[in-house]
Every structure is written in structure tokens, then in C-alpha cells.
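Below is one structure, written out as C-alpha cells; comments come after it.
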Amino acid sequence: MAQINVVVGDVDGNLQKILDWMDRAHDVNADIVTFPELALTGYPPEDLLLKPQFIDANLAALDKIISRTREITAVIGFVDRKDDIFNAAAIS
3 MAQINVVVGD VDGNLQKILD WMDRAHDVNA DIVTFPELAL TGYPPEDLLL
53 KPQFIDANLA ALDKIISRTR EITAVIGFVD RKDDIFNAAA IS
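Quick look at the structure:
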């Protein structure tokens, strides 16, 4: 469990923390690393969720994480969007 200190609204900074901790977990031969609820957006994102570009940035950051999970499984909290927006976790 990577209990990282994320910042609400700082998707790029939170992304970098997640990638750094994924590398650390890989370096100690972990098979899986998990991150907190809404790790990409910070918690609670509140009014930021009303901005489509914020959700887009969160989803783009998730794609970057997915591209780095070839040697370790990661569980990442993020905001997803279908008919509505919702709190989700990706397993990659």
C-alpha cells in the first residue's frame, strides 16, 4: 500500500508521485501496489469535478500509468465518466 500524500487538483503532481511509488514497489519486487481513493485527483475534488478538462486530465494521467504497469500490477483511484461522473479504481 502506497499511502501517498496527494494534493487536491494537482493531477500532474499526483501522477508523478504514483509513478515514483510504482518504481519503488517494483524495486523491492512487489507484485502489486495500491493507492488511495481518488489518488489521481486528490480527495475531495468537489467543484473541480464540474470542469470537463479536469476529468480529461485525470483520465489522460491514468493512461500514462497504465502504460507503465507492465512489470507490476497497480490499483489507482481516479474519477471516471460514463453517463455521469463517479469515483472509481483502475486495476492495471
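Following our numbering, the residues of the sequence shown are numbered contiguously, the last one being 94.
We put the CB at the ideal spot given by N, CA and C, even for glycine.
- Secondary structure at valine 35: strand, using DSSP grouped into helix, strand and coil.
- Distance from phenylalanine 88 to leucine 40 at the Cβ level is roughly 11 angstroms; contact not present, criterion being Cβ atoms closer than 8 angstroms.
- Per the coordinates, the alpha-carbon of valine 9 lies some 18 angstroms from the alpha-carbon of aspartate 82.
- By DSSP's assignment, arginine 70 forms no beta bridge with any residue.
- The three-state reading of DSSP puts aspartate 49 in helix, counting H, G and I together.
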